[in-house]
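Here it is in structure tokens:
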């Protein structure tokens, strides 16, 4: 039961589609679930969808394929959308034994199974500077889509060839929120931030070498952006950027 | 002429309140202005309100009181809202000779003069961990207010005394976007991020000593927040956080 | 012979259970041992239990399984408790040929064999923020138990879901000392430190990515904790935290 | 009302020195106080003594002398011990107008007024490596004393002249907890940690130049101590070390 | 005697305008000068113009006004161009007592007196992102001019308002070498580097706050530029950038 | 069509070797090409040779051999020079199936196929401090050669054996631009910069261990060079240095 | 009584110049002194000359002029050489009231009064790269001289003008130990280390700006020197380098 | 021909054991050798023994076994001592085909073949803090021995068990120079430096984890040593420390 379900239930009572007794029963059934379910190596949070707008997301690293599959099964069996990030084909082989209709996105390194996420209000643009930034950009795009958002991908638009970005200006302006993914000198968010007036969520990537220091340079550059309207998430955190963008895009 | 003005003008044409010729004349008058005005030591950007949703903001450091006053005069005479950040009483003395009805906010170190900023849709909560964080929190609050947002201040709610924060839970939940300001270990955004489902903009402050490294620790902590929905701006950048929050709060 | 043994011996003399001559003989026998025993690649310290309250602990990295087993054998044959940290199954295979009743704790990566460690006075709570922190938390818990302490594990209580921690408040309050293990933004010790008045030993972990910099962010955050009563050990140093907690918990 | 008061009250009931009604009245009177008192620029926490074992401590930086004096007055009028850290003579002049019997400790940069802090169980040794470390060492010593502990100062015992430390071995061994204060290479806690079996709280100081990086080197060295039993607080945080030591020293 | 003088002398011999004996005499006179002149607190290098293309430049910091003036006098009396960087009005007052026709450039913090520097072949563009970068940009521009180059200043063209830069595209393309000066996120060199095919010398400035770390962020960003053709000098080193640009601009 | 081709075409018209109609046709044919060609995973930029003086260069890391080969084929079939950097023998095996006459440079880790790059005006010296710097030095040398420059390699001339460098002084002086490659303490550019008056492009390498921090030390040292005329590129960026040197060496 | 005095006394006994009784008396008199003298704010170490080859040295920072003078008086009255470092004229005014024949070295910021330091065996060369390095170089030179060494100063011999260093090659070769002082890129020790076969002690200085990071760059460069025979001390630690050099120069 | 050989030759002439003609011939024969021999991938320096006191040393990393063996053969065939550092068993297999009597030191990772190195004057003590530091300590010890020094190894004497070090005080005092090897907090050099008056060369090692940052902590601690007489080399640079120690130990 997510927020949308809760609202629908109350509207159904108002509209006489449900008796108060029926609504009461459904609420009790939901509340009788423990807010989190202890499955030994993890506590699966079943109320997060209500508190936070989207069910618990599984972060892959440090979990065995079996653990990931077990958590996935609990989430799906509770009726939630499934999103597993930073995972791989080996984990997917195990997951799909429990969740046969899950999908693996190789470039994005995510496993998803669409649930009943309410739709976002506008378009989330995901812009990426170079081809090496695509795994992070795709993590953001797949996450945003799984959370119910319409996504417009705009890749390979780095600042050293401005014509590529400027020729897409109309698509940028159509966005309700823009995720900008870039490594190396991390300059793209500043340029995009100067072209739009909607929120820009910047994701530095670890793409680069030498004095890129694993994405630190891009991170620092983005934090110092001279364009207002730019906020920043952790290096390579495509998921986090999408969660913020989705949160913005679901505001009434 | 900001976006609201532009929309009003077009609606007036549609509603026959203006003839196309009148509207045309007004548009021409606006466009005849150079997009930026060169006043020697700076180029004042008069179209930014149209492109970016808010007129140019004056960043005080590195400018003489006379330069600040001159820019302020140009902005006000062009009919824009005035916002000067990181400034002081000495600059204000000079500014108010040119802009008599400007206001100086001592704690926030800003000078403002309200313009016709369109109102935001919801409430912007500004939460601050400790009293030493107030200058940055106030910079954010004053900025957000000047940009047309209703602001709810929630100060001195650091995580080492959770009861202070939890007793304000209802105010947090009423927000459309939350700005969280904290120095030292920068833990407040994670706790707030776990309590709300709207976007959280985290502002690390340089409050602390020793291994706080001028706010670096709080910055890093916020970037690593285990709560999703948290994005981060530069250390002490209350203005930037408010600009993002306002941009989110003005989304339809 | 540890301190407890020494005290017992003296009490036995006082209580006439031992003649001074007998006690003298036993002491001589103990002192005739060299304070450390040179076994070629290491000097095994047999008096540490007397000086430091617990026998020498074997730190695994950089030692071959054979070397670890040889040291283990010397420690056990001297009648001490055995604790080997940062080790693995391969070393365990070799160790148990020499010390058949040793136990391997896979998650904690430790090998132990209980000795006659005197019991601690109260409960040591080991709280961990996320599941990825468990190897470090378990290193702390197993170490504390081997050193004679009663341990209460409280895992997966990160600050982004405060209800999980607050629902365990009574267990926290029952502790004589609390070890808090967390990676990423390292916020948990501040929250715990605000809830209890006993010493909190914070252990940053290398859990995280990007700007977590291998645990540096959590380390810095913990050092800047706004809660008093929080001290910090090295990144991933579960053993060290437990040694401190045990030292505190054994104070009369 | 601190914990000791609470316990005394209950014992008085048990011993028939108070009727339940009298005790009830006193408890009600205490609880009728708001847990924190809002004095405009700060919320003075009156229940901290109960929750945390010591009343709220005033951290001086960022507060005007008038603000410090106002908070001090509220704390003292509520019957609590007064401790103001990182302050100066100018603030003291203002404070003593409100709290005439307060004392200023110049080297320690603290203002105190003893309250009814319950006595610690043993001795807190404060050891400092060099004379330049004394301000931090004294902040620790004065804090510990104000919190009810007996303090033994052992200054100028740096590792480059071991005989100075070794000649005080007996005093070290008599401690229930040891605070070690050192700058530069921060080696003293490792040496002390090898000589005692009680908890050692290490305080790095910003004493040094060049590659001491404002105390970072001492901090890192202490975190990497090869002696077990050593935990660390922030650079120059003499207060924090004393709070931990006092917490340890007040354990039953 | 600089390179141009040397070439002219040899051409005069070839053209019979000088006898070999006359040329020999002039060369001897030059060579009889010591290559450097010891004036107590410095060795003034009189042959640098021949070796390095420009006479010795005086770096102001760490020298008294009297020392600067003494060096300046030696340089001018040897017939060289004078360039003093990182200096101030107080030093200028002393210098002009010895070198009456020297000029002080307040914004650039330099003192100059034109000599016979041979002219560069093309135009050196100095582009600066923001008004706070002007002191560094002017140091570069004045240095380049003093070294004989034609300079085109292009200020306040930061990437968050691309139209300001793009409207100057024709001036960029006319340059033989471009110096780009920027602080904060240091993105301008990447954008400029994508628009021109001549060498770009990037100068990070210490403009910014918080995570700009005194120019480190801009420096790192520029080193990671995705545009080829961009090389970088030290933070705030306008002089160094101009020396390189002049060296490039004087290549035949 | 590169710039040389464009100039030739116009000269042919002037010299009546082409009618305006013929020239017009050829220009149309070129312009009819899209400026970049989307091949799915990348946009190959066919106009870069005109804008930037050299066709697009393929950066190997993060691309599969198949992707590299596909891009290589598009570049070659468009008539451009081919340069692939940071690649390996496995990629070469795939590339030469599409581009049979490509060459693999093992030490330089590059694949090249000469095109019609216009010749540089002078000599590019590539100087390297130690044998471990050769991969980076060769990347620079091969890049410069592929871009049409004459290269003079001067290897193993580190500053700890000055006689090796000084014995090559005449070769240094003959250069139009010098690339200096060094790891460890990165001192060579300062020494070379003091010996020549042409531009020096310094390339720090990751050669070293311990406090070389992956080339950071050499990078910082080069940025602080006391020799003017030295600019710096990213760690190990031999390609970038050569691109700058070639840009300088192609100036008229 | 230093080592030389001790040896002389024993030789006098052997040579019958002293009776054993006389020698015994003198030794007793010396040993009757406490090894350190507690003067309240410091413990003056009177046996260091015997243990360490030179009496205690006073490090100025953090001590009042009165404290410095008091320590100085105790050292001189015990018959030792006096060396105060990092001090100033104000302290000197106070010191010379107690020690009238002390000398203040302004550039070196030291106060000295020669004692009976035994002479070193050879020459200590102090080489400095630039004029801004002179305060550190002079601290080294004055320290070495006060410790009994013959010093040869070789200033302004930075690597960007190699001829200045090479012309002094003969003086370098005559040294028994060389101290090399340099800021910025810190390259001089590598070049000197390649020219001599005696120990080189490198002193990085905080001279520089921007990416010199207060001497960190020079420090790192020196630690990575490709010349063997180079060891390093802390930034600006001229005293430390001289102490090492003197220790080397006094070896038999 | 090393320095000793050169001196002997001249003494033989003086002593009439050689005629001047014979000596002349031998010198010519030596000088006829090129000072360095180019073998394609390296320049082997045959005069270094004369200039620097020891022949060229081969640093293994980045060289193939074949290259190492080829260089080794050239060094040995020129009559020099052989020292190869940072190498392994695989390289040794190849080397001993060319140099059959070479020796591989597994722990020290070096290959040596003794030459005619002149003997040092005293004892070089190599002290190491922990067993994990032994590879670096052995690199130092083997290097020092190969360079002709008598070495006294003193291992496992870390500061957390001072009695182990103090019981070896007499061996420390017998040294002419002490190499101290330590990782983690790097405190041992300070303690040793306070016990001896001969030069101490400190070697930080990368032993440790977490906040040891690969040896950075030990390096910084050693640079900040409060004991005078301590200089420092790069992390893990056992070879460098031994080269310095040998240089000191060979001073007359």
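Chains as they are written, first to last, in my numbering: chain A, 1 to 252; chain B, 1001 to 1252; chain C, 2001 to 2252; chain D, 3001 to 3252; chain E, 4001 to 4252; chain F, 5001 to 5252; chain G, 6001 to 6252; chain H, 7001 to 7252. Every residue gets a Cβ at the ideal spot worked out from N, C-alpha and C, and that includes glycine.
Relative to the alpha-carbon of residue i, which residue among the options has its alpha-carbon at the smallest distance?
| i | options | result |
| --- | --- | --- |
| residue 2226 of chain C | B:1216, B:1224, B:1196 and B:1208 | B:1208 |
| residue 5129 of chain F | F:5189, F:5201, F:5148 and F:5060 | F:5189 |
| residue 3238 of chain D | D:3110, D:3199 and D:3088 | D:3110 |
| residue 1133 of chain B | B:1215, B:1162, B:1240 and B:1230 | B:1215 |
| residue 2203 of chain C | C:2249, C:2243, C:2064 and C:2210 | C:2243 |
| residue 941 of chain B | B:1169, B:1162, B:1163 and B:1161 | Nothing can be reported for residue 941 of chain B: it is not among the residues displayed for chain B, which extend from 1001 to 1252. |
| residue 3071 of chain D | D:3199, D:3094 and D:3164 | D:3094 |
| residue 7101 of chain H | H:7088, H:7073 and H:7090 | H:7073 |
May I ask which residues mark the beginning and end of the alpha helix (DSSP H) holding residue i?
| i | result |
| --- | --- |
| residue 1231 of chain B | Here residue 1231 of chain B belongs to no alpha helix (DSSP H); instead the beta strand (DSSP E) covers 1230-1232. |
| residue 4054 of chain E | Segment: none, residue 4054 of chain E is in no alpha helix (DSSP H) and carries neither H nor E. |
| residue 4240 of chain E | 4238-4249 |
Item to check | Entirely enclosed beta strand (DSSP E) segments - the segment 146-226 of chain A, minimum 3 residues | outcome: 150-155, 177-182 and 200-204
Checklist entry - What are the uninterrupted segments assigned as alpha helix (DSSP H) that are 4 or more residues long and contained completely in the segment 3069-3122 of chain D, given in chain order? => result 3089-3098
Checklist entry - Between the segment 2151-2160 of chain C and the segment 2091-2107 of chain C, are three or more C-beta pairs nearer than 8 Å? => result no
Next on the checklist: So if I threshold CB-CB distances at 7 Å, which residues from the segment 207-234 of chain A count as touching chain B?
Outcome noted: 223, 224, 228, 229, 231, 232, 233 and 234
Next on the checklist: Would you call the segment 5176-5195 of chain F in contact with the segment 6171-6179 of chain G, where contact means no fewer than 3 C-beta pairs closer than 8 Å?
Outcome noted: no
Next on the checklist: Please list, in chain order, the residues of the segment 6127-6141 of chain G that have any C-beta partner in chain E closer than 7 Å.
Outcome noted: 6131 and 6132
Checklist entry - So does the segment 2183-2195 of chain C actually touch the segment 1215-1234 of chain B, counting three or more Cβ pairs closer than 8 Å? => result yes
Next on the checklist: Short of 7 Å Cβ to Cβ, which residues in the segment 3187-3201 of chain D face chain C?
Outcome noted: 3197, 3198, 3199 and 3201
Checklist entry - How about the segment 4140-4153 of chain E and the segment 4112-4131 of chain E: do they share at least three Cβ pairs that are nearer than 8 Å? => result yes
Checklist entry - Using a Cβ cut-off of 9 Å, which residues of the segment 1171-1184 of chain B contact any Cβ in chain A, in chain order? => result 1176 and 1177
Item to check | Interface residues of the segment 1092-1120 of chain B facing chain E [CB-CB below 8 Å] | outcome: none
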